[in-house]
Amino acid sequence: MGDRDAGPASATFLPMGGTDEIGASCHFLNIDGTGILLDAGADPELEGQASLPDIDLVRRRSDRWVDHVLVSHAHHDHLGALPVVIRSFPHVMVHMTRATRDLADILLPASAKLQKKRLVEGSSSAQPLFDTEELGAYSYLYLTHELEATFDLTGLRGAGRIEGQLLDAGHVLGSAGLLLTAHGPDRPRRLFYTGDTGMRSQTIIRGARYPEEPVDTLVMEATLGADPDAEKTSRRLEEERLGEALREVLSGGGCAVLPVFALGRGQEIIALLDRYRKEGVIGEDVPIYSAGLLRAISDVYDRTRFSTPRMDEEFQVFGVEQKRLPRGRGGMAEALTRPGIFVLGSGMMFERTLSNRIAQEVVEHEKHAVLLVGFARDDSPAHRLLSATGNGQAPEVLLDASRGRQALRCRVVRFRFSGHSHRRDLIALVERLKPRRIILVHGETRARGWMADNLRYFYPEMDVCVPDQGEEVPLWPVEG
Ligand SMILES: [Zn+2]
Ligand SMILES: [Zn+2]
12 MGDRDAGPAS ATFLPMGGTD EIGASCHFLN IDGTGILLDA GADPELEGQA
62 SLPDIDLVRR RSDRWVDHVL VSHAHHDHLG ALPVVIRSFP HVMVHMTRAT
112 RDLADILLPA SAKLQKKRLV EGSSSAQPLF DTEELGAYSY LYLTHELEAT
162 FDLTGLRGAG RIEGQLLDAG HVLGSAGLLL TAHGPDRPRR LFYTGDTGMR
212 SQTIIRGARY PEEPVDTLVM EATLGADPDA EKTSRRLEEE RLGEALREVL
262 SGGGCAVLPV FALGRGQEII ALLDRYRKEG VIGEDVPIYS AGLLRAISDV
312 YDRTRFSTPR MDEEFQVFGV EQKRLPRGRG GMAEALTRPG IFVLGSGMMF
362 ERTLSNRIAQ EVVEHEKHAV LLVGFARDDS PAHRLLSATG NGQAPEVLLD
412 ASRGRQALRC RVVRFRFSGH SHRRDLIALV ERLKPRRIIL VHGETRARGW
462 MADNLRYFYP EMDVCVPDQG EEVPLWPVEG
C-alpha cells in the first residue's frame, strides 16, 4: 500500500474465510467502531469446524466485535455458518431480503440434517455445527428488508451513523448487494459489496440493478476472473447448444444427467427445459426428474414470483411437469432404459449427492450424457469428469472413492450458464462506480490475479487489494 494509507485507519476490511477459492465467504468490516459481517458462509466441500470462516479473528480480539451481519444470498458459501456466527455474537442483528430468509429456513435445516446424517452413517466424523431446534429460534432474529429500502447499520459503539441498502444482485432468488453509507466528521463514505453478482438476465431471474453513483470502496466478487470464454459466449447460443445436445441424446434412447445447484441453476434449467418442450426440441413425453431440496426451493421461487424481480412473473417452476426420482435401484435402472432428463444436485457432483450417484449409473454407457451447466471448481468430481474426456484412448473417471475408477463412455459436455458476471461486466461495473479502492474476493487465485492485473492496468489511480484470509486492509485511503 502507498503512503496515503499511513496513520491509523478507523475503517478496515478483514476476510475471515478463504478469499482465493469459492469457500466460506465472510468478511469483517470495522467502521469507526461499528462491526459488520458481510456474509456468513461455510465451505461447501469441507465439514465441521474446517468448513467455517475463522471466527476467532474477531471473537478473540477485545477491539473487534460484530453488531450486524448481512447475508447477501442463500448459497451455502454465504449462509452456511450463520448459526455459528449468531451463537458466537449473541447480540448480532441479521439482515437479508425476505426471499433469502424463506430460502434460509429451508437450507439451514437441510444442512443440519445432512450433517447429522453423515455423522450417524459414519461418512463423516465431524460433529454437526448446529441442529434444527436451534435454527427455529434464530429464524425469528432475521430482519428482512425490501430492495432499495434504507435501514440502519449503526453499531452500539459506532462513532458515526451507518446506513444500508440492499440492491438486486441478479444471480439467484433473493440475492442482494449491499450499499453502505458511513457518515463521518467530513463527508459520507460509500461502500458497495456486490455479493455474488449476475448482471445479465437469466431465464427466470432478472439481471442485477446496481448503483449508478460512484462509491469510495468496492468489494467485488471475481468468480469468473480467469475465464476468457465466459464473456465470448452468448446465452442464446449456449441455449441452442444444450437443446441440440439433449435432442441427440434423447433421440438415441439415452438419458441426460444435468448436475445443478439446488438453488438457482436448477430452477433456471427447468425453465429452459419448459421452453424446449414448447418449441418441440424435446418431446412432450420425455420425463424430467427432479428431487429433494431443488423441489422445495422451486416452491419458494413460485411463491415469491410476484414479490421479487422476475423476467416473467407468470412463470412457475412447478408449472413444468416433473417426476420424482424412482425409488430403489430397480426403479432407477428401469428409468434409465428410456429417454429421460435428470435435473439433480449437487452442481459440482460432490460425493454422496444425487447427481454423483446417478452419474455413476450412466458414465459407462455410450448412449447417455452428463451435461454440465454450472461452475465446477478444480477439485470437484464434476471437474474430474470434464477433464477425463479426451485423455487418451480409454478415459476413466473417479466419481466416488468407494466405487473406484469407472470407464468413461458417455458424452460429457460443458455449457456456460453462469449466474455470475463475466469479467468484462465486472470491469464495466468498476468503470461506472469509480471506486478509489477495490477489494477483490470470492475467486480462485488465477481469477483474482487476472482481475487485479487488468484493473491496475486500466485504472492506475485506483487501489486494488487482493487480501488473504486474516489480512486486514484499510477500507478507504486516509485523506490529508
Ligand atoms: Zn452464489
Ligand atoms: Zn458464492
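Read left to right, the sequence shown gives residues 12 to 491 (the numbering used here).
Glycine included, C-beta positions come from ideal geometry on N, C-alpha and C.
Name the DSSP beta bridge partners of residue i, please?
i: K334; result: Y300
i: L383; result: R425
i: L189; result: L177 and Y204
i: D163; result: E174
i: L154; result: H106
i: R321; result: I216
i: T315; result: Note: T315 sits in no beta bridge, so no partner.
i: A121; result: The partner list for A121 (beta bridge, DSSP) is empty, contrary to what the question assumes.
i: R416; result: L409
i: T228; result: L202 and R448
i: P485; result: T23
For residue i and residue j, which I take to be in contact (beta-carbon distance under 8 Å), what is that distance rounded to the nearest angstrom?
i: H7; j: A387; result: Residue 7 lies beyond the stretch modelled for the chain, which goes from 12 to 491, so this question has no answer here.
i: G181; j: A219; result: 4 Å
i: L90; j: L118; result: 7 Å
i: L486; j: T23; result: 6 Å
i: D116; j: S62; result: Not confirmed; about 21 Å, so no contact.
i: V226; j: H38; result: At roughly 16 Å, the Cβ-Cβ gap does not stay under 8 Å, so V226 and H38 are not in contact.
i: Q480; j: G29; result: 5 Å
i: V354; j: L305; result: 7 Å
i: S366; j: P270; result: 4 Å
i: F326; j: A267; result: The pair is not a contact, with the Cβ atoms about 22 Å apart (cut-off 8 Å).
i: T192; j: I173; result: 7 Å
i: T244; j: R427; result: 5 Å
i: R443; j: E223; result: 7 Å
i: A137; j: E58; result: 4 Å
When every heavy atom of ligand 1 is checked, does at least one fall within less than 8 Å of the C-beta of residue i?
i: D54; result: no
i: G275; result: yes
i: S510; result: In the structure displayed, the chain extends from 12 to 491; residue 510 sits before or after that span and is not available.
i: D436; result: no
i: G358; result: no
i: V183; result: yes
i: D238; result: no
i: D179; result: no
i: H89; result: yes
i: D389; result: no
i: D207; result: yes
i: G430; result: yes
i: H86; result: yes
Quick one: is the Cβ of residue i within less than 8 Å of any heavy atom of ligand 2?
i: S136; result: no
i: T364; result: no
i: H38; result: no
i: I308; result: no
i: I450; result: no
i: R33; result: The sequence shown places Ile at residue 33, not Arg. Yes - ligand 2 has a heavy atom lying nearer than 8 Å to the Cβ of I33.
i: E279; result: no
i: T234; result: yes
i: H433; result: no
i: H379; result: no
i: H453; result: yes
Within 10 angstroms of the Cβ of residue i, are there 16 or more other Cβ atoms? Answer buried if so, exposed if not.
i: E482; result: exposed
i: T108; result: buried
i: H102; result: exposed
i: Q278; result: buried
i: P196; result: exposed
i: Q126; result: buried
i: A17; result: Residue placement at A17 cannot be trusted, given a pLDDT of 34 that sits under 50; what the coordinates show is reported in the next sentence. Burial call: exposed.
i: R72; result: exposed
i: M322; result: exposed
i: P392; result: buried
i: D296; result: exposed
i: V69; result: buried
i: V131; result: exposed
i: F74; result: Per the sequence shown, the amino acid found at residue 74 is Asp instead of Phe. When all chains shown are included, D74 counts as exposed.
i: R15; result: Any reading at R15 must be qualified, since the residue scores a pLDDT of 39, below 50, and its modelled position is unreliable; the value itself is stated next. It counts as exposed.
i: Q213; result: buried
i: D78; result: buried
i: F272; result: buried
i: Q60; result: exposed
i: E159; result: exposed
Is the Cβ of residue i closer than 9 Å to any Cβ of chain C?
i: L130; result: Here chain C cannot be found, since the structure has a single protein chain.
Practice problem: Go through the region 425 to 460 residue by residue and report every complete run of the beta strand (DSSP E) that reaches 3 residues or more, in order. | Solution: 448 to 452
Quiz prompt | beta strand (DSSP E) runs wholly inside the region 14 to 102, at least 3 long, in chain order | solution = 22 to 26, 38 to 42, 45 to 49 and 79 to 81
Quiz item: Unbroken beta strand (DSSP E) runs of length 3 or more, entirely within the region 244 to 309: which are they?
Solution: 266 to 270 and 299 to 301
Self-check item: Residue ranges of each alpha helix (DSSP H) within the region 349 to 413, 4 or longer
Solution: 365 to 373 and 392 to 399
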